[in-house]
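Trainee:
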DNA sequence: GGATTTTTGTAACGCAATGTTGCGGCGGCC
DNA sequence: GGCCGCCGCAACATTGCGTTACAAAAATCC
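Chains as they are written, first to last, in our numbering: chain B, 3 to 241; chain U, 3 to 241.
Spelled out as structure tokens, the structure:
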């Protein structure tokens, strides 16, 4: 995502479409619009998008159905717009695979906030279509391959990590040399918020250190920042 | 399906019948209704329908029985409506030949979404997945040929897979390096929705691993993503 | 068309991964 | 130096998954 994120706004109401498009453009996004499902599919076929803002009620095939179709073969993030008063829509929308939802009428700022949150969560995970991230991370001779979900040590030995440990390390590799709070790490690895006295990250990290630190008593790769979180100290080469 | 799809709603509760009929009509479907199995059979004899929405509890012959009769000599898609609670879940799991189901009370929008999803699946080519040209998949020396429904190992030995195992592997080959949820896999391989505690994908996958993984205890080709689904870790060359 | 074989789905059990809790230690602050 | 709060980690609880055994359904064979 070297250029600014590309967003597709799908709504049959021209006024809303234009309003949202202008607003998002003003905030630095590239925006295209579509009035219905057919136009949406056409747009998706032509360009690469990072996110779709999708109205629930559309002429022809409706938003839920479209959302399901998108999910069938891509991970393109979707934010659903729903008419007000239908609480259950939230459940349905999320069930159908939307990443977030917003009730109409909405404050454009709130839409912006959710777009940012969803894009951040989607993280480096790229746009539309099949070839999902073929990236590999290297640091200090270590090799982390997200697609294979494998970690190899400098002497090229496969280090057995559990899924959670792997996700945690991957989150650090994607954000090296930055302090990451427990909140952020939870969001990045589990996609969830912290509950009051949540220590799960601490424990998971402890387990991870045991497997990758030369001396887990004196961690060098992932250091603790008291009161702040943790920081990955190595240079990461991304390819 | 050049004209709008034609739907038959079968429910003994007049209120629900009318509500659903009005809602679907408003969304562009042609709708007829029937209050019981006899009326349903009569309606089916008179017109062409694209889908039946069928209540489980009916006076006289019940929905399950009717559903089986329909299945006996047609592929007409069926969505079952079930009253929540009772033993219905069990019955659904055991006997449903329906394409999808929905628990009452339901949100009409959700019914609409499911109708669209089922119609889409029914409309797609009968052999699930993709239309499938003469494509062949290669990964790690393996060769998967959807047209012949054959899998050959790196040493060119024909590996006997059952139909279901083959479909599952083909689904992965078409979506490599992406986490696929059990829901998605069911949709891709069986074209159906999951029932409450559906573990069929797990079992099928276990059987598949036994045949294609060097060490099924430590799967490398298809890995588990706890809480997420499964991921095919190999590069796939498609030709 | 019925019997046999093969495939698929369901249930149950055990294990491994993850989350939670609590204690002890260490560091920072006054 | 003593107190307080944050963090590491062991121990326990919970959850999700792999696997097996069995049952139902489908395919195959006479």
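In this text, a Cβ means the ideal position worked out from N, Cα and C, and glycines have one as well. Please read all numbers here as calculations on a predicted model, not as lab measurements.
Taking the C-alpha atoms as reference points, what is the distance between residue 178 of chain U and residue 151 of chain B?
Mentor: Those two C-alpha atoms are separated by around 13 Å.
Trainee: Applying a beta-carbon distance threshold of less than 7 Å, which residues of chain B neighbour residue 114 of chain U?
Mentor: Result: 64.
Trainee: Using the Cα positions of residue 243 of chain B and residue 221 of chain B, report the straight-line distance between them to the nearest angstrom.
Mentor: The first residue shown for chain B is 3 and the last is 241, placing residue 243 of chain B beyond what the model contains.
Trainee: Does the beta carbon of residue 191 of chain U sit closer than 8 Å to a beta carbon anywhere in chain B?
Mentor: Chain B, which has no Cβ nearer than 8 Å to the Cβ of residue 191 of chain U, makes this no.
Trainee: At a Cβ threshold of 8 Å, is residue 235 of chain U touching chain B?
Mentor: Yes, its Cβ sits closer than 8 Å to a Cβ of chain B.
Trainee: Going by the DSSP bridge assignment, what does residue 102 of chain U pair with across the sheet?
Mentor: DSSP, once it has assigned bridges, lists U:81 as partnering residue 102 of chain U.
Trainee: Let me know the secondary structure DSSP gives residue 238 of chain U once reduced to three states.
Mentor: Residue 238 of chain U: coil per DSSP, three-state reduction.
Trainee: Buried or exposed: residue 239 of chain B, going by 16 or more other Cβ atoms within 10 Å of its Cβ?
Mentor: Per the 10 Å Cβ criterion, exposed.
Trainee: Between residue 159 of chain B and residue 146 of chain B, which are expected to be in contact by the criterion C-beta below 8 Å, what is the C-beta distance as a whole number of angstroms?
Mentor: That pair is no contact at about 14 Å.
Trainee: I need the DSSP call for residue 118 of chain U, collapsed to helix, strand or coil.
Mentor: In this structure, residue 118 of chain U counts as helix in the three-state DSSP scheme.
Trainee: Helix, strand or coil for residue 112 of chain B, going by three-state DSSP, please let me know.
Mentor: Correct three-state label for residue 112 of chain B: helix.
Trainee: Using the Cα positions of residue 26 of chain B and residue 190 of chain B, report the straight-line distance between them to the nearest angstrom.
Mentor: C-alpha separation (whole angstroms): 24 Å.
Trainee: Output, in chain order, the set of chain B residues within a Cβ distance shorter than 7 Å of residue 119 of chain U.
Mentor: Residues of chain B passing the Cβ test: 67, 70.
Trainee: Considering only DSSP beta bridges, list what residue 177 of chain B is partnered with.
Mentor: None, per the DSSP bridge assignment.
Trainee: Quick one: is residue 149 of chain B near chain U, going by C-beta distance under 8 Å?
Mentor: So, interface residue.
Trainee: Of the residues that make up the segment 38 to 52 of chain B, which ones have a beta carbon closer than 8 Å to any beta carbon in chain U?
Mentor: Here the close residues number zero.
Trainee: Mind the definition here: the segment 198 to 212 of chain U touches the segment 104 to 124 of chain U only if three or more C-beta pairs lie below 8 Å; say whether that holds.
Mentor: Because the criterion of three Cβ pairs below 8 Å is not met, the segment 198 to 212 of chain U and the segment 104 to 124 of chain U do not touch.
Trainee: Cβ closer than 7 Å: which chain B residues qualify as neighbours of residue 227 of chain U?
Mentor: Residues of chain B passing the Cβ test: 165.
Trainee: Quick one: grab the DSSP three-state call for residue 147 of chain B.
Mentor: Note: residue 147 of chain B maps to strand in three-state DSSP.
Trainee: Starting from residue 197 of chain B, follow the beta strand (DSSP E) in both directions and report where the run begins and ends.
Mentor: Taken as a continuous stretch (DSSP letters only), residue 197 of chain B belongs to no beta strand (DSSP E), as it is neither H nor E.
Trainee: Assuming residue 175 of chain B contacts residue 234 of chain B (C-beta within less than 8 Å), just tell me the rounded distance between them.
Mentor: About 7 Å; that satisfies the 8 Å criterion.
Trainee: Buried or exposed for residue 79 of chain B, going by 16 or more other Cβ atoms inside 10 Å?
Mentor: Looking at its Cβ environment, which holds 16 or more other Cβ atoms inside 10 Å, residue 79 of chain B is buried.
Trainee: Quick test of your reading: residue 62 of chain B and residue 40 of chain B, contact by CB under 8 Å. State the CB separation rounded to the nearest angstrom.
Mentor: The Cβ separation is near 7 Å, so the contact holds.
Trainee: For residue 124 of chain U, which option in U:157, U:83, U:53, U:67 has the closest C-alpha, if you only look at C-alpha atoms?
Mentor: When only C-alpha atoms are compared, the closest one is U:53.
Trainee: Restricting to Cα atoms, I'd like to know which of U:155, U:173, U:29, U:142 is closest to residue 148 of chain U.
Mentor: Residue 148 of chain U has its Cα closest to that of U:173, out of U:155, U:173, U:29, U:142.
Trainee: Quick check on residue 213 of chain U - is its C-beta less than 8 Å from some C-beta in chain B?
Mentor: Output row for residue 213 of chain U: interface = no.
Trainee: In whole angstroms, give me the CA-to-CA distance for residue 227 of chain B and residue 180 of chain B.
Mentor: Each residue's Cα considered, the two are about 10 Å apart.
Trainee: Using a C-beta to C-beta distance shorter than 8 Å, which residues of chain U count as neighbours of residue 77 of chain B?
Mentor: Within 8 Å Cβ-Cβ: 180.
Trainee: Quick one: is residue 262 of chain U near chain B, going by C-beta distance under 8 Å?
Mentor: Chain U is shown from 3 up to 241; residue 262 of chain U falls before or after that span and cannot be answered.
Trainee: What whole-angstrom Cβ distance do residue 213 of chain U and residue 182 of chain U have, given they're in contact under 8 Å?
Mentor: Residue 213 of chain U to residue 182 of chain U, Cβ: 19 Å. No contact.
Trainee: Below 8 Å on the Cβ atoms is my contact criterion, and I expect residue 51 of chain B with residue 10 of chain B to pass it. Report the Cβ-Cβ distance as a whole number of Å.
Mentor: Between residue 10 of chain B and residue 51 of chain B the Cβ distance is about 5 Å, and since that is below 8 Å, they are a contact.
Trainee: Report the start-end ranges of each beta strand (DSSP E) in the segment 35 to 81 of chain U that is 3 residues or longer and not cut off at the edges.
Mentor: Those beta strand (DSSP E) runs which fall completely within the segment 35 to 81 of chain U and span 3+ residues are 53 to 57.
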